[in-house]
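Chains as they are written, first to last, in my numbering: chain A, 1466 to 1680; chain B, 1466 to 1680.
Using N, Cα and C, we set each Cβ at its ideal position, and we do this for glycine too.
Input: a single structure, listed below in structure tokens.
Number of protein chains: 2
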Amino acid sequence: AVCRIDCSLYVITGDKFGHGRPIVEVAVAAIDGGATVLQLREKDFTSRQLVDVGHQLRHLTRQRGVTFIVNDRVDIALAVDADGVHLGQDDLPVGMARRILGPGKIIGISTHSLEQALEAQRQGADYIGVGPVYETHTKDDVLPPVGVDLVRQVSARVSIPKVAIGGIKAHNVAEVMKAGADGVAVVTAVWAAGDVSGAARELLSRVREAGAGNR
Amino acid sequence: AVCRIDCSLYVITGDKFGHGRPIVEVAVAAIDGGATVLQLREKDFTSRQLVDVGHQLRHLTRQRGVTFIVNDRVDIALAVDADGVHLGQDDLPVGMARRILGPGKIIGISTHSLEQALEAQRQGADYIGVGPVYETHTKDDVLPPVGVDLVRQVSARVSIPKVAIGGIKAHNVAEVMKAGADGVAVVTAVWAAGDVSGAARELLSRVREAGAGNR
Ligand code: NI
């Protein structure tokens, strides 16, 4: 699939998993290791904190040629001129977000079923997340794993880029890529790593290796 | 002072104080009782819930000629075409909000000191909240009361409309109005009342009575 974004290694911030390291420091290391997308997702931050960190991440990602996405908050995305937003099923509907953001911004949608994936594509999403593929404890509101089978089903029916998410580690990257994912999204596999760059590098090399067979 | 909004009785939603009554039902009663501004402020709602309730409140307030303001979330305000936003000191800076919202929307700012009030006016706020004037337990992050003296100081130096907030009840409305407030903002005094319309009516009549002497 053609990616409006290169979603090979999509890294999501997880400040509470970062062992106290500043977000920007972890982000730099993740980008050094090959992250192609960075998403700011900090549900406990105030709007002001999101703007402040978002502004720093916008400078960093622009400098490094990395796509920068803001989770949920369309206003923060506009305020810091992010490349787009990522919306969950509990966030703004795609149409409303598009009207506020304009045509130039990327909109990604979290999907947990084939129906949601098809609906997201129909509504004009630029990419979708599919998951949680495996068990994960990153979010407070944990959904049951959908399994790699859903990645396969969605890949057969949905043409926009699909990022597999949820419990992705180096050892299962090949499986989700073979199932048709265009890339993998991770929080802890990168953010909680002792060697953030090394962890990102390892994930990206496995994505590239397995993905090469898909094209 | 001239109000771009009539801030005489500024009612803020407080779903957890509403004894299980639907937000729209309480809002209707508050407007029946004379609320001149309605602010949607539900920190625990998802974006989707804010859009859904906000949309209903937008219809209601437009029909009834009441100003509709959204707390913190500039994106939700745009999504439901609210009249404006109310920003705390931890929310987006005024300038950023103005850039996203355009010149036609109202921006209000919470202030807790003379410095913050002057700064809000300088940055182009359309009105300010001043408080908490009295002790209040409505918010989780409670600030120490600033007292009616701050209302007096701010009124002497700030020309944009000033809404007194924090622990305002019928019995202290006269005091804050005499100190120079253009109106009062309340959550529980209206939202938790058994007779919402009656509570609003009582507050508004005291605002009008005391305010008449200020003009
Ligand atoms: Ni800058």
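Can you tell which of the options has its C-alpha closest to the C-alpha of residue i?
| i | options | result |
| --- | --- | --- |
| Lys1627(B) | Gly1676(B), Ala1635(B) and Leu1608(B) | Gly1676(B) |
| Lys1643(A) | Gln1521(A), Ile1488(A), Ala1629(A) and Val1652(A) | Ala1629(A) |
| His1687(B) | Ile1488(B), His1551(B), Lys1508(B) and Asp1509(B) | The shown model of chain B, from 1466 to 1680, leaves out residue 1687(B), and the question about it has no answer. |
| Lys1508(B) | Ala1494(B), Pro1609(B), Asp1497(B) and Gly1479(B) | Gly1479(B) |
| His1551(B) | Arg1673(B), Asp1471(B), Leu1583(B) and Ile1574(B) | Ile1574(B) |
| Gln1528(A) | Val1476(A), Ile1496(A), Val1607(A) and Ala1654(A) | Ile1496(A) |
| Arg1671(B) | Ala1646(B), Ala1657(B), Ala1658(B) and Asp1660(B) | Ala1646(B) |
| Asp1438(B) | Phe1533(B), Asp1537(B) and Arg1513(B) | With chain B covering 1466 to 1680 only, the question about residue 1438(B) has no answer from this structure. |
| Val1491(A) | Arg1673(A), Ala1621(A), Leu1668(A) and Ala1657(A) | Ala1657(A) |
| Ile1633(B) | Leu1543(B), Leu1669(B) and Arg1538(B) | Leu1669(B) |
| Leu1579(B) | Lys1570(B), Ile1571(B) and Val1595(B) | Val1595(B) |
| Val1535(B) | Arg1513(B), Leu1525(B) and Ile1572(B) | Ile1572(B) |
| Ser1512(B) | Arg1506(A), Arg1486(A) and Gly1553(A) | Gly1553(A) |
| Arg1506(B) | Ala1635(B), Tyr1475(B) and Asp1660(B) | Tyr1475(B) |
Which of helix, strand or coil does DSSP assign to residue i?
| i | result |
| --- | --- |
| Gln1618(A) | helix |
| Ala1542(B) | helix |
| His1520(A) | helix |
| Val1655(A) | helix |
| Leu1557(A) | coil |
| Phe1482(A) | helix |
| Leu1608(A) | coil |
| Ile1534(B) | strand |
| His1551(B) | strand |
| Lys1643(A) | helix |
| Ile1470(A) | coil |
| Val1623(B) | coil |
| Glu1507(A) | coil |
| Asp1660(A) | coil |
| Arg1673(A) | helix |
| His1636(A) | helix |
| Val1600(B) | Position check: residue 1600(B) holds Glu in this sequence, whereas Val was assumed. Coil. |
| Gln1588(A) | coil |
So with Cβ pairs under 7 Å, would you call residue i a contact of chain A?
| i | result |
| --- | --- |
| Asp1537(B) | yes |
| Asp1556(B) | yes |
| Met1642(B) | no |
| Val1516(B) | yes |
| Val1467(B) | Because Val1467(B) carries a pLDDT of 41, less than 50, the predicted location of this residue cannot be relied on, and the following value inherits that uncertainty. Not closer than 7 Å to any Cβ of chain A, the Cβ of Val1467(B) fails to qualify, so no. |
| Thr1603(B) | no |
Work out the CA separation of residue j and residue i for me, nearest whole Å.
| i | j | result |
| --- | --- | --- |
| Asp1555(B) | Leu1515(A) | 10 Å |
| Val1619(B) | Asn1637(B) | 18 Å |
| Val1531(B) | Ile1593(B) | 18 Å |
| Asp1683(A) | Ala1500(A) | The question about residue 1683(A) has no answer here: the residues shown for chain A are numbered 1466 through 1680. |
| Gly1631(A) | Ile1541(B) | 28 Å |
| Val1559(B) | Gly1663(A) | 41 Å |
| Leu1503(A) | His1577(A) | 21 Å |
| Gln1581(A) | Pro1597(A) | 13 Å |
| Pro1568(B) | Gly1589(B) | 10 Å |
| Glu1640(A) | Val1613(A) | 8 Å |
| Arg1666(B) | Arg1563(A) | 41 Å |
| Ile1477(B) | Asp1471(B) | 15 Å |
| Glu1584(B) | Val1649(B) | 21 Å |
| Ser1473(B) | Lys1481(B) | 24 Å |
| Ala1654(B) | Asp1517(B) | 25 Å |
| Glu1600(B) | Pro1609(B) | 7 Å |
| Arg1523(B) | Leu1615(A) | 39 Å |
| Gln1586(A) | Val1623(A) | 7 Å |
| His1484(A) | Ile1565(B) | 35 Å |
| Phe1510(B) | Lys1604(A) | 17 Å |
| Arg1486(B) | Val1652(B) | 14 Å |
| Arg1469(A) | Arg1617(A) | 21 Å |
| Asp1537(B) | Glu1674(A) | 45 Å |
| Ala1635(A) | Gly1659(A) | 15 Å |
For residue i, which beta-bridge partners are listed by DSSP?
| i | result |
| --- | --- |
| Gly1594(A) | Ser1575(A) and Val1628(A) |
| Tyr1475(A) | Val1502(A) and Ala1650(A) |
Measuring only between beta-carbons, confirm whether residue i sits less than 7 Å from chain B.
| i | result |
| --- | --- |
| Ile1565(A) | yes |
| Asp1681(A) | With chain A covering 1466 to 1680 only, the question about residue 1681(A) has no answer from this structure. |
| Ala1544(A) | yes |
| Arg1527(A) | no |
| Thr1576(A) | no |
| Ser1512(A) | yes |
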